[in-house]
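Scroll down for the structure; my scribbles are underneath it.
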Amino acid sequence: MSDYGYDLDERLDDYLEANLLCWAFYPTAKAFSLFPQLCLRNGEIEKVDSAIFQDGGSFTVMPTGNLNGIPISTFAKQYGELVVAKAKQFRNNDSYDGSYIKDRLLCLFNPNYPHPDITLERFEDAEISRLFYQVIEVETAEPFSKPFSRPVSLADAQTELFCPYVFVKHEAKTGTCYYGPFTHNTTDDGRVELTATKSYDYHIFKITSDLVENEFPVFRREEGDYSPICRLIEKGAADSLIEDASEVDSIDWLPKKELPQIFSRIINGSEEMNEQYQRGTLQKLKSAILDYSTSQIQSPLIDDARKGRLVEAVSEMESAALDASGLLNSVLNEISDERLQELVVSEDAYPYIKDRLLRSSGIKERINEETQALKARSAAAEEELKELQGKICEARQEEQRARKDADALVQERLAAESEKLEKMRQDYEQLCEDTDRKKSEYRQAVVDNDRLKREVDDILSTLNNEATSTGKILESEILRKVVNTVKELDLKKGEADSPSITWETRCDEDQLSNEEVVDELEKRIVSLAGRSLNRNEVINLAICLMQGFVTTFAGKPGTGKTSLSNILAGALGLRSKVNPAPRFTEIDVENGWTSYKDYIGYHNPITNTYEAANPRVFDAMRQLSRESRERDSEALPYIFLLDEANLSPIEHYWSPFLRTCDTFTKKGAEVPLGRDENWALPASVRFLATVNFDHTTEELSPRFLDRSWVITLESQELAEDSCDINVDTLFSNVSPYSYERLMKAFYSSSTRIDDEQVDGLFKMLVNICAKQALPISQRSQLMVRRYVAAASPLMKAQLTDNQFAPLDFAFSQKVLPLISGSRESIEPLVDALLKECRSLTLTTKHLERMREYGESNGYYQYFI
Numbered sequence: 002m003s004d005y006g007y008d009l010d011e012r013l014d015d016y017l018e019a020n021l022l023c024w025a026f027y028p029t030a031k032a033f034s035l036f037p038q039l040c041l042r043n044g045e046i047e048k049v050d051s052a053i054f055q056d057g058g059s060f061t062v063m064p065t066g067n068l069n070g071i072p073i074s075t076f077a078k079q080y081g082e083l084v085v086a087k088a089k090q091f092r093n094n095d096s097y098d099g100s101y102i103k104d105r106l107l108c109l110f111n112p113n114y115p116h117p118d119i120t121l122e123r124f125e126d127a128e129i130s131r132l133f134y135q136v137i138e139v140e141t142a143e144p145f146s147k148p149f150s151r152p153v154s155l156a157d158a159q160t161e162l163f164c165p166y167v168f169v170k171h172e173a174k175t176g177t178c179y180y181g182p183f184t185h186n187t188t189d190d191g192r193v194e195l196t197a198t199k200s201y202d203y204h205i206f207k208i209t210s211d212l213v214e215n216e217f218p219v220f221r222r223e224e225g226d227y228s229p230i231c232r233l234i235e236k237g238a239a240d241s242l243i244e245d246a247s248e249v250d251s252i253d254w255l256p257k258k259e260l261p262q263i264f265s266r267i268i269n270g271s272e273e274m275n276e277q278y279q280r281g282t283l284q285k286l287k288s289a290i291l292d293y294s295t296s297q298i299q300s301p302l303i304d305d306a307r308k309g310r311l312v313e314a315v316s317e318m319e320s321a322a323l324d325a326s327g328l329l330n331s332v333l334n335e336i337s338d339e340r341l342q343e344l345v346v347s348e349d350a351y352p353y354i355k356d357r358l359l360r361s362s363g364i365k366e367r368i369n370e371e372t373q374a375l376k377a378r379s380a381a382a383e384e385e386l387k388e389l390q391g392k393i394c395e396a397r398q399e400e401q402r403a404r405k406d407a408d409a410l411v412q413e414r415l416a417a418e419s420e421k422l423e424k425m426r427q428d429y430e431q432l433c434e435d436t437d438r439k440k441s442e443y444r445q446a447v448v449d450n451d452r453l454k455r456e457v458d459d460i461l462s463t464l465n466n467e468a469t470s471t472g473k474i475l476e477s478e479i480l481r482k483v484v485n486t487v488k489e490l491d492l493k494k495g496e497a498d499s500p501s502i503t504w505e506t507r508c509d510e511d512q513l514s515n516e517e518v519v520d521e522l523e524k525r526i527v528s529l530a531g532r533s534l535n536r537n538e539v540i541n542l543a544i545c546l547m548q549g550f551v552t553t554f555a556g557k558p559g560t561g562k563t564s565l566s567n568i569l570a571g572a573l574g575l576r577s578k579v580n581p582a583p584r585f586t587e588i589d590v591e592n593g594w595t596s597y598k599d600y601i602g603y604h605n606p607i608t609n610t611y612e613a614a615n616p617r618v619f620d621a622m623r624q625l626s627r628e629s630r631e632r633d634s635e636a637l638p639y640i641f642l643l644d645e646a647n648l649s650p651i652e653h654y655w656s657p658f659l660r661t662c663d664t665f666t667k668k669g670a671e672v673p674l675g676r677d678e679n680w681a682l683p684a685s686v687r688f689l690a691t692v693n694f695d696h697t698t699e700e701l702s703p704r705f706l707d708r709s710w711v712i713t714l715e716s717q718e719l720a721e722d723s724c725d726i727n728v729d730t731l732f733s734n735v736s737p738y739s740y741e742r743l744m745k746a747f748y749s750s751s752t753r754i755d756d757e758q759v760d761g762l763f764k765m766l767v768n769i770c771a772k773q774a775l776p777i778s779q780r781s782q783l784m785v786r787r788y789v790a791a792a793s794p795l796m797k798a799q800l801t802d803n804q805f806a807p808l809d810f811a812f813s814q815k816v817l818p819l820i821s822g823s824r825e826s827i828e829p830l831v832d833a834l835l836k837e838c839r840s841l842t843l844t845t846k847h848l849e850r851m852r853e854y855g856e857s858n859g860y861y862q863y864f865i
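Heads up, the working numbering is the position in the sequence shown plus 1, with the first residue counted as 1.
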């Protein structure tokens, strides 16, 4: 308790790990409050002292992790007003400001965490609800001496029934009494049907108020409203009073529907009635009832009170009864032997009718013959049915094989057509990029030409006479030739001076399973670096990095996009001191960039040299180009980080790399520097990009989003020292995994989704988007399919809880970022997707966030 940051009542420790019955208040969009009122521990029930919890007797529950951002109304629907909470620790609420969060105590809530601060359960679903009887009041003029003839209304229409059993509190002239226990059933018109419990043999009991020691009211604590939600009495105490029986009155509440069962037992227990029933009268039945021994204890119990009710019921029947025995004999005499035979075979015929029929001459023999014939035909039919079932099974198997073959053929043809289409698109994009590059080079040449003219004019203006001019021109020409000769060798000299590097990788990586690789990455990112990510989120980072040429981290400022990029590179060993040089370069994007020359470099036609815009990037790509030629570049991956990537239009300054997004696994990117000089980067190069969204940044174009994964980061509670992490120090001795090993673990070229349910859902979502004017490109569809193929074994999609997790990550990160438009055009799409995405938790969360924003602003978009 010393970590709370201020002095708290030490008795809080007594409530840890105890079941607390709380009233839940859902006032804000970020958190909700619980007001503990009853505590169950060590089998004892006691009232909670609200002063222990300070600030009105409550504490705050803050959803965290993947629950952060889910509307609080969702939790209100899930847990209701009465909640059973079990807290494992209380924290100091740093967000306490006395406004929307009024509690100094805080519990972080996420049932997906292995050790959450608190677990919650709806009261009526919890085992603790069976330890109470709920006390209700009803409106009825009927006495409690016999079962009510109709359902009754609750005295307070707002009362909600939480417990399976209830007692009715009744104010009479003689005092207050409690009647029960009852089971209850709410009718369609809101009234309540009360029934005595079978456990007490359909008896209820009258308990005077002086015997009820503890009636526990559970109150609302909302400002201005302290009305009770419900009243409870301890079930164990009430049951003890009933079992003692000396101070409570027992009342017979046997339902009428149970009377026939008792009639049957009495008839079977009376020799006279059993022998003379066919010609007996109801009078004999009344005699049998009165003579029936109460010592034959069965359920329901037949005591003297119930004998009276049974005699009364028989008397009512006697006034309008027919002679059942004579009627039965008349009916039997009118029925043919064939019809009698049918009645005997029928399952609906009563036993005493069967006995009468079987005594008819010749019928029993005929029945036996027909029975044997029917058995023979039944056996033959069963054999024929088994044969048909076998054929049906074979037909179904053949159908499944045919469907799989057809699907494979369709996928093969689809892939072939997709490749053709992608080739045409790439050619078209290549032409566009070449045109843009030529235009850019032309504009640059015009600028260079103008600058050259100004320089020449400045030189000529300084010349005073022809001799001086001639001397300086000769001097300038000689100097230019010397500089050009030296500079012309600069680029290749830099490459030649760069020593060949031998890259060290983890020596035992080939002996590790893919799951063990994930374990190691999770340990480095979560345990070592302190990032709050679950296992599937770590897998998602690795798959996006290896499956895509560029991965974008989006989110509000301060959500840890840049730090996560550095941590990911460190966890992969790309910043380790095990190797002589890092395999990670950060590029700080600036406003106004229009070309890759702004951050890499270019050929200066005036000096005929290669100028480096950013020496670190220039040297890194020159080294990678050399590695690519020497074919040792794929030993380790290399990551470039475009930090604040949308300060300038990405599709402009990153244009040489856009076309590489479709071919990066086969060949890397090419960077043209001018004067026929190109750098060929290896396939192991990847880009990360971080983006913010405000008035100072550029929107991401559909062309870029079609090629990038977009991982949205949300604010999360970080450890106190997490902001002071030095990544280079933290991961200085981490042995990196080779590019080949990471591709083996996190990349798949297959586009087949083995789970038919997942495949069917993805096809349905694609059709919904197409019908709502947002067709998903072939490129994006293939990226989603490859993601699911790679993620399914790692995320254990064969388990029910994780079945749709790979598709959930892929669809929310590949398709949802493309959604943008007016409410009229996008709302039908969002509603249709929400209807079908109930099993996709992350996708549903983003869609609900977009819908909430769109309904308020009239415009739907992913990046808000």
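No residue lacks a Cβ here, since even glycine has one placed at the ideal position from N, Cα and C.
Sequence-distant residues of its chain with Cβ nearer than 7 Å to residue i (five each side left out)
i	result
residue 488	At residue 488, the pLDDT of 43 sits below 50, so the modelled position is not reliable; the number obtained from the coordinates is stated separately. So the list reads 608, 609 and 610, once near-sequence residues are dropped.
residue 603	612, 674 and 675
residue 740	635, 636, 637, 638 and 685
residue 744	547
residue 773	829, 830 and 833
Beta-carbon proximity list for residue i, same chain, < 6 Å, skipping 5 on both sides
i	result
residue 69	715
residue 555	692, 711 and 713
residue 165	none
residue 484	Summary for residue 484: the model assigns pLDDT 44, below 50, so the residue's position carries little reliability, and this model does not support an answer.
residue 770	777
As assigned by DSSP and simplified to three states, the class of residue i
i	result
residue 768	helix
residue 215	coil
residue 831	helix
residue 573	coil
residue 38	strand
residue 116	coil
residue 642	strand
residue 808	helix
residue 557	coil
residue 595	coil
residue 192	coil
residue 198	coil
residue 508	coil
Expected contact under 8 Å - CB spacing of residue i and residue j to nearest Å
i	j	result
residue 683	residue 628	6 Å
residue 646	residue 728	Not quite, the Cβ-Cβ distance comes to about 20 Å (not below 8 Å), so this is no contact.
residue 222	residue 228	10 Å between Cβ atoms; not a contact.
residue 163	residue 200	Between residue 200 and residue 163 the Cβ distance is about 20 Å, and since that is not below 8 Å, they are no contact.
residue 1	residue 139	Residue coverage of the chain in this structure runs from 2 to 865, which leaves residue 1 outside it and unanswerable.
Neighbourhood of residue i by C-beta, 8 Å cutoff - its chain only, sequence neighbours within 5 removed
i	result
residue 835	845, 848, 849 and 852
residue 622	601, 672, 680 and 682
residue 521	513
Nearest to residue i (by Cα), restricted to the options the options
i	options	result
residue 49	63, 76, 73 and 20	20
residue 246	207, 606 and 507	207
residue 65	53, 32, 79 and 91	32
residue 557	399, 864, 47 and 821	864
residue 24	61, 11 and 14	61
residue 412	816, 153 and 783	783
residue 153	179, 188, 146 and 178	188
residue 598	619, 578 and 585	619
When the Cβ atoms of the stretch 806 to 815 are set against those of the stretch 754 to 771, are three or more pairs found closer than 8 Å? As far as the Cβ criterion goes, the stretch 806 to 815 touches the stretch 754 to 771, which means the pair count is three or higher.
Is it the case that the stretch 646 to 653 contacts the stretch 695 to 709, given that we only count it when at least three CB pairs across the two stretches are under 8 Å? Verdict: yes, contact present.
Quick check: the stretch 563 to 576 against the stretch 510 to 527, are at least 3 beta-carbon pairs closer than 8 Å? In short, these stretches touch, since the Cβ pair count reaches three.
Hey, is the stretch 543 to 551 in contact with the stretch 654 to 669, meaning 3+ C-beta pairs nearer than 8 Å? As far as the Cβ criterion goes, the stretch 543 to 551 touches the stretch 654 to 669, which means the pair count is three or higher.
Pair every Cβ in the stretch 146 to 159 with every Cβ in the stretch 122 to 132, then say whether three or more of these pairs are closer than 8 Å. Touching, no, given that fewer than three Cβ pairs across the two stretches are closer than 8 Å.
Three or more C-beta pairs under 8 Å: does that hold for the stretch 783 to 792 against the stretch 743 to 750? These segments touch.
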